[in-house]
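Read in order, the letters of the sequence shown correspond to residues -20 to -1, 1 to 134 in mature numbering (1 follows the signal peptide of the UniProt record, and there is no 0). Beta carbons are placed, not taken as given, at the ideal position from N, Cα and C, and that holds for glycine. Quantities reported herein were computed from a predicted structural model and do not represent experimental measurements. Written below as structure tokens is the structure these notes are about.
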Amino acid sequence: MKNKLAVSLLAALLASCATSPDSSKSGGVVETTADGTSTAPTLHAYKQDLAQRISQVNSRHIYAERPQALLRSIVVLKFSVDGNGNLLGSEIQRSNRDRTAESTALESLKRTTPFPKPAPHLLRHGKVDISESWLFNNDGRFQLRSVALPQMDR
């Protein structure tokens, strides 16, 4: 009986300390230094910073609720950012050939530039290469996979 109570109390304590799964994907402000360099310590964190920035700039094309169970389209873009935060290039890596979704994804990326500068330790040959997925609902609005809420069940 004592062990069950101890386990229950420990579980409650751990649950109260945990952050919600969505708290890190809340679309918060991207933190930068005075010269506009991202404070993200890792490539993954920098990718999340860019996803937040793309979402902020393109807010009229973003949906805030969970992605629907069966998405209209997923567009994966590969793009490169130089040390000054400029978009060097982008290409479609994966798509279901939904030309409207592809165009929306590419335009949302271009509309967001310049990006926060990547930290110098993240650069490889003067640039950062990133792949990101645009998740499109039936209404044509999207979320970015790096900051998306969990997808709905069927």
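In the assembly as shown, L57 is a buried residue. Its beta-carbon has 16 or more other beta-carbons within 10 Å. Less than 8 Å divides the Cβ of P98 from the Cβ of S18.
Along the length of the segment 2 to 42, whole alpha helix (DSSP H) runs at least 4 residues long occupy 23 to 37, reported in chain order. DSSP places L89 inside the alpha helix (DSSP H), whose first and last residues are 79 to 92.
DSSP places Q123 in the uninterrupted beta strand (DSSP E) bounded by 122 to 124.
With contacts defined by Cβ atoms closer than 8 Å, I72 and V61 do not form a contacting pair. For R104, the closest C-alpha among the options T12, G63, Y43 is that of G63. Scanning T92, K107, R52, Y43 for the CA closest to the CA of L23 turns up K107.
Buried is the label assigned to S113, since at least 16 other Cβ atoms lie within 10 Å of its Cβ.
Shortest Cα-Cα distance from F59 to any of K90, D119, R79 involves K90. Under the 10 Å beta carbon count, L68 is surrounded by fewer than 16 other beta carbons and is classified as exposed. In this chain, V127 is not harboured by any beta strand (DSSP E), its DSSP state being neither H nor E. Between the segment 35 to 50 and the segment 74 to 94, the count of C-beta pairs closer than 8 Å reaches three or more; the two stretches touch. A distance below 8 Å between beta-carbons, with the five flanking residues on each side excluded, links N118 to the following residues of its chain, in chain order: Q48, R52. Pairing L115 with A31 gives a Cβ-Cβ distance that is not under 8 Å.
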